[in-house]
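Peer 1: Got a structure for you, written out below as structure tokens; questions coming shortly.
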Amino acid sequence: FEADSPNMERFSLHTADALIERSNTNHEHDQPPHLRLRDPAVPESVNLPQYAGPESRYCPARVYEYVSDENGDPKLHINAQNCLHCKACDIKDPKQNIEWTVPEGGGGPGYTVM
Numbered sequence: 004f005e006a007d008s009p010n011m012e013r014f015s016l017h018t019a020d021a022l023i024e025r026s027n028t029n030h031e032h033d034q035p036p037h038l039r040l041r042d043p044a045v046p047e048s049v050n051l052p053q054y055a056g057p058e059s060r061y062c063p064a065r066v067y068e069y070v071s072d073e074n075g076d077p078k079l080h081i082n083a084q085n086c087l088h089c090k091a092c093d094i095k096d097p098k099q100n101i102e103w104t105v106p107e108g109g110g111g112p113g114y115t116v117m
């Protein structure tokens with residue numbers, strides 16, 4: 004597939020959904036977030052202009068996405084409930100701005116086919 008083709012987008016979305024479903028990942032709704040930004044300004048001030056927002060591409064589960072705020076400006080949104088605990092964000096973020104901690108309550112992936 005071409006990287007910018009509609010087929011690649013459908014393939015990526017299908018793959019992410021399958022990963023989330025097969026991982027049996029469970030996050031309790033009342034637990035503190037396990038993904039935090041050390042500096043909340045870095046995604047929009049550094050990563051988006053200098054690196055084209057890599058957070059939205061390196062995560063296999065689409066945890067990180069840029070959405071428009073009330074002014075129409077891009078803002079990083081974290082969908083922590085989708086996290087597969089692969090730690091790609093901890094490794095790949097160009098400014099090491101994402102702090103990944105172990106979720107409370109024994110949540111996380113429950114791979115059964117390994």
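In the numbering used here, the protein residues as written are 4 to 117. All C-beta atoms, glycine included, are put in the ideal place defined by N, C-alpha and C.
1) Skipping 5 residues on each side, what residues in its chain have a beta carbon closer than 6 Å to that of arginine 39?
2) I think alanine 83 touches tyrosine 61, with their Cβ atoms under 8 Å apart; what is that distance to the nearest whole Å?
3) Taking all protein chains shown into account, do 16 or more other C-beta atoms lie within 10 angstroms of the C-beta of glutamate 73, making it buried, or fewer, making it exposed?
4) When you compare only the Cα positions, how much space is there between arginine 65 and asparagine 85?
5) Give me the Cα-Cα distance between histidine 88 and glutamine 53, rounded to the nearest whole angstrom.
6) Are proline 63 and valine 70 close, meaning C-beta to C-beta below 9 Å?
7) Just reading off the beta strand (DSSP E) that leucine 51 is part of, what are its end residues?
8) Sort out for me which residues DSSP pairs lysine 78 with in a bridge.
Peer 2: On the basis of the supplied data:
1) Hits under 6 Å: Glu102.
2) Cβ-Cβ separation between alanine 83 and tyrosine 61: approximately 16 Å, too far for a contact (criterion under 8 Å).
3) It counts as exposed.
4) Just so you know, the alpha carbons of arginine 65 and asparagine 85 end up roughly 7 Å apart.
5) So the two alpha carbons sit approximately 26 Å from each other.
6) Inclusion of proline 63 and valine 70 in the CB contact set at 9 Å is not warranted, their separation being larger than that value.
7) No beta strand (DSSP E) contains leucine 51, which is instead part of the alpha helix (DSSP H) from 51 to 54.
8) Beta-bridge annotation (DSSP): lysine 78 is paired with Val70.
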